[in-house]
Amino acid sequence: MVDALGTLMSRIARALANGWIVAGLFTLITIAATWPLASVMTTRVAADVGDPIFSCWTMMWTGGQVLRFLSGDVHALSDYWNGNIFYPERLTIAYSEHLTPQMLQILPIFAITNNIVFCYNLLFLSAIVLSAVGMYLFVREMTGQPLAGVVAGAAFAFSPYRADQYAHLQVISTQWMPLAFYGFQRYFAGGRLRALVGATTAIVVQALSCGYYLFFFVPFAALFCVFEGVRQGAWRSRRTWIQLGTAAALSLLVIWLFARPYIAVRALNPGVGVRSAAEIRAFSADTWALATASENLAVWGKLQTFTRPEGSGFPGLTILCSGLVGALAVFWAAAAKSRAKGPSRRSPWRIALNVALVIAGGLLAWGWTSLLVWQRLIVRSPIGRISVRDVGDIGWHTLGVLAIAIILVPRFRRACARFLGSTGGFVVLGWLAALVLACGPEIFVQGKSIGTGPYKWLIDYVPSFDGLRVPSRYFMIASLFLAALSGVAAAAIARRNRAAGVIAAALLVTGIVIEGRVSPFVMSKPLWVRHYELVATDFPTPSNWGAVYDTVKALPEGTVLAEFPFGSDPFEIRTAYFAGYHRKPVINGFSGFFPTSYLERRSWLENDPLDKPMAWKKLLEAGVTHVIVHEQPWPENKGPMIEAWIRESGGREIASQGTDRLFAIR
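Residue numbers (our numbering): 2 to 667.
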């Protein structure tokens, strides 16, 4: 019986060394964890009908221009950035994420199906699966243990933090991060040029998939590249420097080509592309975010210790515990190798020094815990009262104690060198750095500041960092490193006993998936709308969208459209969605930033234009030729009143569908 069990475990372990089998396994887990999304792929989107639907418009516009180019319209790509919202503004794609890599992924399917909702859901599911597979490859390479890769893949793909970002396709498109690390490891280990090409491509695609990761992840990837080059001794090779320099230059060129429209928009629109200090602080993580989970989680949804926008950073108990074990394993391995150098001399002063440093380290650990959890540390002793209320004070003391230990304790110095020279050491430090940066320019404990964080330096000295609203998205980078440490823990078990490793991996993956599961899975959740009734959650395609949009699509060149209600985000997103299909210019719009012309126009047209005598003039000044009125959302019978206003001003109805009306006003 024991032999049969051992044989079974060996077969499972060997099967998990096959990347295709692991990819299939993660696909099945993803479908189960997000069920019933797979059963409604063509009609409903994951999460809500806000950012996901706007992302659909972005990919419809850019994808449509690429398809036109491929069909023979050589000028189509010249309007790639000139999306048809916010008319007559140009470069409207550059007011938010361009999502070019995601668009290219689904372009063939969109060309065949013409169903962007289906394509969006494919991207959503594939981002989870490929993130798991990428992490599997990286950690398998790092540890030499496929079981460790499976655990790490699950920890990265099903992290509770990812569940809080399901509405942001660009944020969950993280599959390129571990693939970049994987490629660099293989390149420096064996000098494979193909691996360098893969790693470089992964960095570029990751940077283009999400603007946040251009600033948040790429520096970590560059540091990892330097670290691996030094660790493997490749920095001595002139050939390596030439190859890396070429890869860096090509990467910067591609990124620069996509950055130019954003720079142009920022130059032409003062204030666009810049976030206020108050807004950045509002979307920074509190230290209590690590004990606050997404309310959508089935297991941890009630863990709400300190809520704030995008402030849920709880990594899950399984991932946290296994990650901490992995970090301890890295430290233990470094310490064990340092002991192999030989025993240290046991002189009395060294013993006294070691005792003093241990005591100092314990006090510092208690001080950090007190400060980050309770905002302050106050100690009353016979020699006086000690108070620590700022991270700067205790930070300098910590650095001082570490410096003394490194200089005066040879074994500790050797252990630090071993630790810093290991890939595991880089991962541990990367995890800690990401957690600190997630706190933003000021570090808050339950809403109270305890000092300035290093993120403030990035805002002050790195161009465009002041345009990033959500520092807490560094939690995704922290999830990357913590997942790798979970894999290190699994590898430590698997090395001792393969059967125990298989069992431990199965238990860890099960715990991770259960803790990261959203139940019931949120799909097409309506957005809250002030002044209006909630809109329906269905988003039809041209095959069933009705007479109004059929007529709009058939209108001649020169048509400019306005839709009412105007200015309320949920309706503006819906208008953009249909504009992606009919491709006529609209003065409505939604994005991460808004052009000045739109904001001025919105002040006249939103809520109740009947009370604003300039409203009709603003429509005509914007070049509008046709107006759609959606009666259903307006309360108190205002929809028909808006239609009467349009008729009295000279508009004529040319199409209708249910409670929707299309008017020609010129």
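Glycine included, C-beta positions come from ideal geometry on N, C-alpha and C.
If you drop the 5 nearest sequence neighbours on each side, which residues of the same chain put their C-beta closer than 7 Å to that of residue i?
{"i": "residue 369", "result": "395"}
{"i": "residue 616", "result": "605, 606 and 610"}
{"i": "residue 437", "result": "454 and 455"}
{"i": "residue 267", "result": "273 and 274"}
{"i": "residue 310", "result": "283 and 284"}
{"i": "residue 308", "result": "293"}
{"i": "residue 598", "result": "90"}
Below 8 Å on the Cβ atoms is my guess for residue i versus residue j; work out the distance and round it to an integer in Å.
{"i": "residue 176", "j": "residue 135", "result": "5 Å"}
{"i": "residue 644", "j": "residue 662", "result": "6 Å"}
{"i": "residue 292", "j": "residue 304", "result": "7 Å"}
{"i": "residue 314", "j": "residue 196", "result": "Not confirmed; about 33 Å, so no contact."}
{"i": "residue 35", "j": "residue 539", "result": "Wrong, their Cβ atoms sit about 20 Å apart, outside the cutoff."}
{"i": "residue 140", "j": "residue 488", "result": "4 Å"}
{"i": "residue 328", "j": "residue 219", "result": "Not a contact, Cβ separation roughly 24 Å."}
{"i": "residue 627", "j": "residue 664", "result": "7 Å"}
{"i": "residue 574", "j": "residue 55", "result": "5 Å"}
{"i": "residue 441", "j": "residue 282", "result": "6 Å"}
{"i": "residue 405", "j": "residue 358", "result": "7 Å"}
{"i": "residue 230", "j": "residue 247", "result": "Contact doesn't hold; Cβ gap of about 15 Å is too wide."}
{"i": "residue 152", "j": "residue 503", "result": "The Cβ separation is near 11 Å, so there is no contact."}
{"i": "residue 148", "j": "residue 17", "result": "6 Å"}
{"i": "residue 164", "j": "residue 519", "result": "5 Å"}
What does DSSP give as the partner residue(s) for residue i in the beta ladder?
{"i": "residue 293", "result": "305"}
{"i": "residue 52", "result": "Per DSSP, none; premise fails for residue 52."}
{"i": "residue 450", "result": "445"}
{"i": "residue 629", "result": "564 and 663"}
{"i": "residue 47", "result": "524"}
{"i": "residue 519", "result": "298"}
{"i": "residue 287", "result": "445"}
{"i": "residue 658", "result": "661"}
{"i": "residue 496", "result": "BP columns for residue 496 are empty, so no partner."}
{"i": "residue 653", "result": "665"}
Which word fits residue i, buried or exposed, when buried means at least 16 other C-beta atoms lie within 10 angstroms of its C-beta?
{"i": "residue 113", "result": "exposed"}
{"i": "residue 1", "result": "Outside the shown range of the chain, which is 2 to 667, sits residue 1, and nothing can be said about it."}
{"i": "residue 25", "result": "exposed"}
{"i": "residue 350", "result": "exposed"}
{"i": "residue 464", "result": "exposed"}
{"i": "residue 37", "result": "exposed"}
{"i": "residue 301", "result": "buried"}
{"i": "residue 493", "result": "buried"}
{"i": "residue 154", "result": "buried"}
{"i": "residue 62", "result": "buried"}
{"i": "residue 78", "result": "exposed"}
{"i": "residue 8", "result": "exposed"}
{"i": "residue 356", "result": "exposed"}
{"i": "residue 21", "result": "exposed"}
{"i": "residue 633", "result": "exposed"}
{"i": "residue 121", "result": "buried"}
{"i": "residue 204", "result": "buried"}
{"i": "residue 367", "result": "exposed"}
{"i": "residue 592", "result": "buried"}
{"i": "residue 227", "result": "exposed"}
{"i": "residue 200", "result": "buried"}
{"i": "residue 319", "result": "buried"}
Quick one: what's got a C-beta closer than 8 Å to residue i's C-beta in the same chain, skipping five residues either side?
{"i": "residue 542", "result": "115, 116, 117, 118 and 582"}
{"i": "residue 172", "result": "166, 211, 213, 474 and 477"}
{"i": "residue 108", "result": "64, 67 and 68"}
{"i": "residue 324", "result": "156, 316, 432, 483, 484, 486, 487 and 490"}
{"i": "residue 49", "result": "168, 523, 525, 526, 527 and 528"}
{"i": "residue 647", "result": "628, 630, 664 and 666"}
{"i": "residue 331", "result": "420, 423, 425, 426, 428, 429, 486 and 489"}
Looking only at its chain, what residues have a beta carbon closer than 6 Å to the beta carbon of residue i, apart from the 5 residues adjacent to it on each side?
{"i": "residue 602", "result": "619"}
{"i": "residue 159", "result": "513, 514 and 517"}
{"i": "residue 564", "result": "576, 589 and 629"}
{"i": "residue 667", "result": "626"}
{"i": "residue 335", "result": "416, 419 and 420"}
{"i": "residue 129", "result": "31 and 158"}
{"i": "residue 299", "result": "518 and 520"}
Does any CB atom of chain B fall closer than 8 Å to the CB of residue i?
{"i": "residue 311", "result": "In the structure shown, chain B does not exist; there is a single protein chain."}
Entirely enclosed beta strand (DSSP E) segments - the stretch 570-604, minimum 3 residues:
none
As an exercise, report each continuous alpha helix (DSSP H) stretch of at least 4 residues that is fully enclosed by the stretch 202-234, in chain order.
212-217 and 219-232
Quick one: complete alpha helix (DSSP H) runs, 4+ long, within the stretch 399-450?
411-421 and 424-439
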